[in-house]
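Single-structure report; data block below.
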Amino acid sequence: MTVSKIMDKEGIQRVLMRIAHEILEKNKGTKDLCIVGIRTRGAILAERVNACIKQIEGAEVPFGILDITLYRDDLTTVDMQPIVRETLIKFDITDKKIVLVDDVLFTGRTIRSALDALIDFGRPANIQLAVLIDRGHRELPVRPDYVGKNIPTSIDQNVKVILEESDKQEDQVIVKGRKSK
Amino acid sequence: MSEWTKRNLLDLQQVSKEEIELVFQTAKSFKEVSAREVKKVPALRGKTVVMLFFEPSTRTRASFELAAKRLSADTINIASSSSSLSKGESVLDTARNIEAMNVDAIVVRHSSSGVPKILADNLNASIINAGDGCRAHPTQALLDMFTIREKLGNINGLKVAIIGDIRHSRVARSNICGLTKFGAQVTVCGPATLIPRGIEHLGAKVNYSLEEVIAESDVLMPLRIQKERQQEKFLPSIREYAIQFGINKEKLRRAKKDVVIMHPGPTNRGVELSAEVADGEYSIILEQVTNGVAIRMAVLYLLLGAKGKPAEEK
Numbered sequence: 035m036t037v038s039k040i041m042d043k044e045g046i047q048r049v050l051m052r053i054a055h056e057i058l059e060k061n062k063g064t065k066d067l068c069i070v071g072i073r074t075r076g077a078i079l080a081e082r083v084n085a086c087i088k089q090i091e092g093a094e095v096p097f098g099i100l101d102i103t104l105y106r107d108d109l110t111t112v113d114m115q116p117i118v119r120e121t122l123i124k125f126d127i128t129d130k131k132i133v134l135v136d137d138v139l140f141t142g143r144t145i146r147s148a149l150d151a152l153i154d155f156g157r158p159a160n161i162q163l164a165v166l167i168d169r170g171h172r173e174l175p176v177r178p179d180y181v182g183k184n185i186p187t188s189i190d191q192n193v194k195v196i197l198e199e200s201d202k203q204e205d206q207v208i209v210k211g212r213k214s215k
Numbered sequence: 534m535s536e537w538t539k540r541n542l543l544d545l546q547q548v549s550k551e552e553i554e555l556v557f558q559t560a561k562s563f564k565e566v567s568a569r570e571v572k573k574v575p576a577l578r579g580k581t582v583v584m585l586f587f588e589p590s591t592r593t594r595a596s597f598e599l600a601a602k603r604l605s606a607d608t609i610n611i612a613s614s615s616s617s618l619s620k621g622e623s624v625l626d627t628a629r630n631i632e633a634m635n636v637d638a639i640v641v642r643h644s645s646s647g648v649p650k651i652l653a654d655n656l657n658a659s660i661i662n663a664g665d666g667c668r669a670h671p672t673q674a675l676l677d678m679f680t681i682r683e684k685l686g687n688i689n690g691l692k693v694a695i696i697g698d699i700r701h702s703r704v705a706r707s708n709i710c711g712l713t714k715f716g717a718q719v720t721v722c723g724p725a726t727l728i729p730r731g732i733e734h735l736g737a738k739v740n741y742s743l744e745e746v747i748a749e750s751d752v753l754m755p756l757r758i759q760k761e762r763q764q765e766k767f768l769p770s771i772r773e774y775a776i777q778f779g780i781n782k783e784k785l786r787r788a789k790k791d792v793v794i795m796h797p798g799p800t801n802r803g804v805e806l807s808a809e810v811a812d813g814e815y816s817i818i819l820e821q822v823t824n825g826v827a828i829r830m831a832v833l834y835l836l837l838g839a840k841g842k843p844a845e846e847k
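Keeping their order, the protein sequence lines are chains R and H. Counting with my numbering, you get residues 35 to 215 for the letters of the first sequence. Counting with my numbering, you get residues 534 to 847 for the letters of the second sequence.
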């Protein structure tokens, strides 16, 4: 098994800062803007993007955490129920511009679940998607608005985002497995 | 974190402390769902849950039904009075026929201990015990423990007193089992005729003095005198019981400052608990009811998913 590091701590930080700038540019500031991260690593990244936004604009935007477990489309086929964690969205999302944040965009199924979950909280003005890594292989028509890095992968490779807060290791992005020819 | 592998929930003896922790963690998430404007998640879409109640119930049945509905499962209710049971069909036959309609879980309450076990041994559907005779009422104990932990932070080291008709109480038995697993010291208190012999073997202490018990306990849990199970004369009169063992403001003067008062319901106001205490500052009775839905959602979610192998992380 080959393991290659494709992004380091500084690289991740630069990318998040760029995404923060892009979000502010596209939304023309922080008005009605909210950031929602998908548990576990998306939530951590969302918090960091929010910190970047504060650095740039001087104001924080409402921040929420979404657990999509209950909205997964494979709940009836998995052998063991996955652990449900708390969803924390303490603000009204109606008519807000929501930036959904996740670590890796792959099949798009997680995002589909997240969209369903968000809609249960209200009717936002729009939902945008920011991801650190887009590795391709979409199974649903999902398209990100902000991408940290595009990484062409083969389907059996594994992309892992390691973050200090969740993994107790220095931040990095690694790809496991060899790219099939 | 522990994994859930059980197909049925019959009592708390069969589940480990780690599994109970998992129920609590899951319930915490589900509590948030019940606080939303849209109180529904699609987790159990397409599953069917049957409430098979051979004894009257308001709270437990409503709570289970809401729990199932908030998880998007379909529910049906079968009460003994309006079903073929009153025409002489056996419990097992009724359950088998219900199962033949492809249901996924049966929530059962019966006046005889062991009925859920018989169903679990003979059916493929998940069986959840909602109270069998004087034996067990696991979801009630789970919600009591969850509420205690939410209110007091920890169960370990707490002194919990269960007061009243211990003899006929499945709530008491399940609570003794669950609370002692988490390191609480459980004391039972009541008239000698209503304290069963050998209750110490479950891990509870016995103290016949209500005064002493009130003074030392962190949690007081008075139980209802079960009039429907009093064919023999265990008490001279309800009035005498209320005077000796009923909890009122006067007796609570000796209690700890941060004592909490719980009750599994239904309450007979003025008997085991005076109205002012039931509605008073120490009472967390309605919190118990709120948490009941979350606990039952957690139980349904975990039971209806467990098939053996762990799921892959996303």
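Glycine included, C-beta positions come from ideal geometry on N, C-alpha and C.
Q.
In this structure, how does DSSP classify threonine 111 (chain R) when only helix, strand and coil are distinguished?
A. Residue state, collapsed to three classes: coil.
Exercise. Looking at the C-beta of lysine 842 (chain H), does it have a partner C-beta in chain R at a distance below 7 Å?
Worked result: With a pLDDT of 41 at lysine 842 (chain H), under the threshold of 50, the predicted position of this residue should be treated as unreliable, though the coordinate-derived value follows. For lysine 842 (chain H), the closest Cβ of chain R is nearer than 7 Å.
| said: If you follow the beta strand (DSSP E) that aspartate 190 (chain R) is in, where does it begin and where does it stop? | reply: Taken as a continuous stretch (DSSP letters only), aspartate 190 (chain R) belongs to no beta strand (DSSP E), as it is neither H nor E.
_Less than 7 Å between C-beta atoms, sequence neighbours within five positions excluded: which residues of the same chain meet that for lysine 684 (chain H)?_
Within the same chain, lysine 684 (chain H) has close Cβ partners Val793, Ile817.
- Can you tell which of R:Pro175, R:Ser200, R:Asp136, R:Arg212 has the C-alpha that lies nearest to the C-alpha of alanine 223 (chain R)? Chain R is shown only over 35 to 215; residue 223 (chain R) falls outside these bounds and no answer can be derived.
_Proximal chain H residues relative to threonine 121 (chain R), where beta-carbon distance stays under 9 Å_ = Neighbours of threonine 121 (chain R) on chain H, chain order: Ser562, Glu565, Val566, Arg569.
Point to revise | Sufficient close CB pairs (3 or more, under 8 Å) joining the segment 599-617 of chain H to the segment 538-551 of chain H | key: Fewer than three Cβ pairs drawn from the segment 599-617 of chain H and the segment 538-551 of chain H lie within less than 8 Å of each other, which leaves the two stretches out of contact.
(Q) I'd like to know if glutamine 115 (chain R) contacts chain H, where contact means its C-beta is closer than 7 Å to some C-beta of that chain. (A) With 7 Å as the cut-off, glutamine 115 (chain R) counts as an interface residue toward chain H.
Check your understanding: Any Cβ of chain H within less than 7 Å of the Cβ of aspartate 201 (chain R)?
Key -> By this cut-off, aspartate 201 (chain R) is not an interface position.
* Bridge partners of valine 181 (chain R), per DSSP? -> Paired residue(s): R:Val165.
Check your understanding: Does the beta-carbon of glutamine 547 (chain H) have 16 or more other beta-carbons within 10 angstroms, so that it is buried, or is it exposed?
Key -> Counting Cβ neighbours within 10 Å, glutamine 547 (chain H) comes out exposed, since fewer than 16 surround it.
- request: For glycine 686 (chain H), write down the residues that DSSP places opposite it in a beta bridge.
  value: Bridge partners of glycine 686 (chain H): none, in fact.
- Query: Applying a beta-carbon distance threshold of less than 7 Å, which residues of chain R neighbour valine 752 (chain H)?
  - Reply: Result: empty, since nearest Cβ-Cβ is about 26 Å, beyond 7 Å.
query = With 16 other CB atoms within 10 Å as the buried threshold, where does serine 615 (chain H) fall?
reply = In the assembly as shown, serine 615 (chain H) is an exposed residue. Its beta-carbon has fewer than 16 other beta-carbons within 10 Å.
(request) Check each residue of the segment 574-588 of chain H: if its Cβ is closer than 7 Å to any Cβ of chain R, include it; give the result in chain order. (result) Look at the segment 574-588 of chain H: the residues with a C-beta under 7 Å from a C-beta of chain R are Val574, Pro575, Ala576, Gly579.
- Under 7 Å between the Cβ atoms of leucine 50 (chain R) and valine 95 (chain R)? No, these two residues do not count as a Cβ contact at 7 Å.
Can you give me the C-alpha to C-alpha distance between serine 605 (chain H) and arginine 578 (chain H), rounded to a whole angstrom? Rounded to the nearest angstrom, the gap between the Cα atoms of serine 605 (chain H) and arginine 578 (chain H) is 5 Å.
Going along chain H, which residues have a C-beta under 9 Å from tyrosine 105 (chain R)?
Within chain H, the residues Val574, Pro575, Ala576 have their CB atoms less than 9 Å from the CB of tyrosine 105 (chain R), given in chain order.
Supposed close pair isoleucine 87 (chain R), alanine 54 (chain R) - CB separation, criterion 8 Å: With 8 Å as the limit, isoleucine 87 (chain R) and alanine 54 (chain R) qualify as a contact, their Cβ atoms being about 5 Å apart.
Could you list which residues in chain R have their beta carbon closer than 9 Å to that of leucine 685 (chain H), in chain order?
Simply none; closest approach about 21 Å.
| field | Where the alpha helix (DSSP H) through isoleucine 53 (chain R) begins and ends | value | That run of the alpha helix (DSSP H) goes 43-61.
Query raised in the report: Could you check where the alpha helix (DSSP H) with cysteine 86 (chain R) kicks off and where it finishes?
Result: Cysteine 86 (chain R) -> alpha helix (DSSP H) spans 75-91.
Query raised in the report: How would you list, in chain order, the residues of chain H whose beta-carbon sits under 9 Å from the beta-carbon of valine 135 (chain R)?
Result: Within 9 Å Cβ-Cβ: nothing; valine 135 (chain R) doesn't reach chain H, min ~15 Å.
Tell me, which residues are paired with arginine 802 (chain H) by DSSP?
Bridge partners of arginine 802 (chain H): H:Leu806.
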